[in-house]
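Novice: For our numbering, count along the sequence shown from 1 and bump the result up by 15.
Every residue gets a Cβ at the ideal spot worked out from N, C-alpha and C, and that includes glycine.
One structure is given below, represented as structure tokens, and several questions about it will come after.
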Amino acid sequence: LVNAQWTPAQNLERRLLGPVFPTLDDAALHARAQVPVTTDRVYGGLILKRADGLFVGTLPVITPEEDFDVKWIFPDESVSAGLFPAGCTIVARYRARHAREVPVLLSASEKQLYLNMLSVKAVHTAFERGTRTMEEYLFGPDGSVIRYRSGAWNKVRANLAHALTDFGSLPHDLDAAWVKKRIHEGDLKPSAWVDSLAKNGYLYVVAGSSVWGAPRLVTDFSLVRQASGDTVPKLPRSEPHYSPVFADGVA
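Put into structure tokens, the structure is as follows:
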């Protein structure tokens, strides 16, 4: 129950921000280090680009799902209330995934890739933005950090049609639910899905792992070719230009 004086978002608070970094990836790596080590909740946040070209991330908060709306972090009312950082634009979403089990018909290596790749739903949302592109980060349970920027969805469709030659024609309204079902039922290998994303977007391994290999730009993907290699960095590679600024002197 609410009273007559209730208004939406009336108790909004300013989101806490991390230090300012010269690169997007360093802001993400700092955010990764702030996620609780032992948790079964989904944590996420946003990375902002300032007017001076530097980057700053919101500190991780619990989100309802990995494919959360940016308004979960900054509701529309935060702008009118003066709570959105002035001169900044949102350039990336990040989410952290805890270790879990999923009922999928996959080999051990394909399953590990599935557990440490961006969710199909989050990727599909990225493609639906059209020209309003945004980087998508996943902090994987294996310690990896993956970044993806979408390309052309029609080209992904073409790659999937090639990968699913034994399945038949793709549905006209191909969506995340359909792709996820094909993966769960063993019709589409996660490695083939990731390969189609790498060829039709920009996929970066920011922090590597046994599944993803060493940090690099991925132009095509195969589990067979992944080497252990150097999987660093797990922490920012550059020193922050500025530390967080507090309104309270005892913060």
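Between the C-alpha atoms of Gly244 and Arg162, what's the straight-line distance to the nearest angstrom?
Specialist: As a position in the sequence shown, residue 244 is number 229, starting the count at 1. As a position in the sequence shown, residue 162 is number 147, starting the count at 1. With a pLDDT of 47 at Gly244, under the threshold of 50, the modelled position of this residue cannot be trusted; read the value that follows with caution. Distance between the alpha carbons of Gly244 and Arg162: 19 Å.
Novice: Run through DSSP, which three-state label would Ser243 get?
Specialist: Indexing the sequence shown from 1 puts residue 243 at position 228. Confidence at Ser243 is low in this model, with a pLDDT of 47, below 50, so the placement of that residue is unreliable and no value is reported for it.
Novice: Does the beta-carbon of Ala266 have 16 or more other beta-carbons within 10 angstroms, so that it is buried, or is it exposed?
Specialist: Position 251 of the sequence shown, counted from the first residue, corresponds to residue 266. Below a pLDDT of 50, predicted positions are generally treated as unreliable, and Ala266, at 48, falls in that range; no measurement from the model is reported.
Novice: Tell me whether the beta-carbon of Arg47 lies closer than 8 Å to the beta-carbon of Ala111.
Specialist: Working through the sequence shown from its first residue, we reach residue 47 at position 32. Working through the sequence shown from its first residue, we reach residue 111 at position 96. In contact: Arg47 and Ala111 (Cβ atoms closer than 8 Å).
Novice: What does the alpha-carbon distance come out to for the pair Arg30 and His177?
Specialist: Reading the sequence shown from its first residue, position 15 is the one you call residue 30. Reading the sequence shown from its first residue, position 162 is the one you call residue 177. The alpha-carbon atoms of Arg30 and His177 are separated by roughly 45 Å.
Novice: Quick one: is Lys204 buried, meaning 16 or more other Cβ sit within 10 Å of its Cβ, or exposed?
Specialist: Residue 204 sits at position 189 when you count from the first residue of the sequence shown. Label assigned to Lys204: buried.
Novice: In the DSSP assignment, find the unbroken alpha helix (DSSP H) run with Ile62 in it and report its ends.
Specialist: Reading the sequence shown from its first residue, position 47 is the one you call residue 62. Element bounds for Ile62: not the alpha helix (DSSP H) but the beta strand (DSSP E), Tyr58 to Lys64.
Novice: Just verifying my parser: in three-state terms, what is the DSSP assignment at Thr140?
Specialist: Along the sequence shown, read from residue 1 onward, the residue named residue 140 stands at position 125. Note: Thr140 maps to helix in three-state DSSP.
Novice: If you reduce the DSSP assignment to three classes, tell me which class Ala266 lands in.
Specialist: On the sequence shown, position 251 is the one that residue 266 refers to. Confidence is the limiting factor: at Ala266 the pLDDT is only 48, short of 50, which leaves the residue's position unreliable, though a coordinate-based value still follows. DSSP places Ala266 in coil when its eight states are reduced to three.
Novice: For the segment 144-152 against the segment 96-103, are there 3 or more C-beta pairs whose distance is under 8 Å?
Specialist: Because the criterion of three Cβ pairs below 8 Å is not met, the segment 144-152 and the segment 96-103 do not touch.
Novice: For Gly102 and Arg65, I'd like the C-alpha separation in whole angstroms.
Specialist: Translated into the one-based positions of the sequence shown, residue 102 becomes position 87. Translated into the one-based positions of the sequence shown, residue 65 becomes position 50. If you take the alpha carbons of Gly102 and Arg65, they lie about 6 Å apart.
Novice: Can you tell me which of Gly166, Pro156 and Lys196 puts its alpha carbon nearest to the alpha carbon of Gly223?
Specialist: Counting from one through the sequence shown, the residue named residue 223 turns up at place 208. Ranking the options by Cα distance to Gly223, first place goes to Pro156.
Novice: On the criterion of 16 or more Cβ atoms from any shown chain inside 10 Å, does Leu39 qualify as buried, or is it exposed?
Specialist: Mapped onto the sequence shown, residue 39 falls at position 24. With 16 or more Cβ atoms within 10 Å of its Cβ, Leu39 is classed as buried.
Novice: Helix, strand or coil: how does DSSP classify Pro205 here?
Specialist: In the sequence shown, residue 205 corresponds to position 190, counting from 1. Residue state, collapsed to three classes: helix.
Novice: By the 10 Å Cβ neighbour count, where 16 or more other Cβ atoms means buried, how is Ile62 classified, buried or exposed?
Specialist: The residue given as residue 62 occupies position 47 in the sequence shown. Per the 10 Å Cβ criterion, buried.
Novice: Starting from Leu232, trace the alpha helix (DSSP H) both ways and give me its first and last residue.
Specialist: Working through the sequence shown from its first residue, we reach residue 232 at position 217. Element bounds for Leu232: not the alpha helix (DSSP H) but the beta strand (DSSP E), Arg231 to Val233.
Novice: With DSSP run on the structure shown, which of helix, strand or coil describes Glu150?
Specialist: Along the sequence shown, read from residue 1 onward, the residue named residue 150 stands at position 135. Residue state, collapsed to three classes: strand.
Novice: Between Val57, Ser211, Asn18 and Val50, which has its C-alpha nearest Ala173's C-alpha?
Specialist: Locating residue 173 in the sequence shown gives position 158, counting from the first residue. The shortest C-alpha separation from Ala173 is found at Ser211.
Novice: Mind the definition here: the segment 73-88 touches the segment 135-142 only if three or more C-beta pairs lie below 8 Å; say whether that holds.
Specialist: As far as the Cβ criterion goes, the segment 73-88 touches the segment 135-142, which means the pair count is three or higher.
Novice: Let me make sure I understand the geometry here. Which of Val194, Ser159, Gly68 and Pro51 has the alpha-carbon closest to that of Val171?
Specialist: Counting from 1 along the sequence shown, the entry for residue 171 is found at position 156. Closest by alpha carbon: Val194.
Novice: Pro34 to Leu44, Cα distance in whole Å?
Specialist: Start at 1 with the first residue of the sequence shown, and residue 34 comes out as number 19. Start at 1 with the first residue of the sequence shown, and residue 44 comes out as number 29. Distance between the alpha carbons of Pro34 and Leu44: 11 Å.
Novice: Just reading off the beta strand (DSSP E) that Ile105 is part of, what are its end residues?
Specialist: Counted from its first residue, the sequence shown places residue 105 at position 90. Taken as a continuous stretch (DSSP letters only), the beta strand (DSSP E) holding Ile105 covers Thr104 to Ala111.
Novice: Is it buried or exposed, Arg231, if we count other Cβ atoms within 10 angstroms and call 16 or more buried?
Specialist: In the sequence shown, counting from the first residue as 1, residue 231 sits at position 216. Looking at its Cβ environment, which holds fewer than 16 other Cβ atoms inside 10 Å, Arg231 is exposed.
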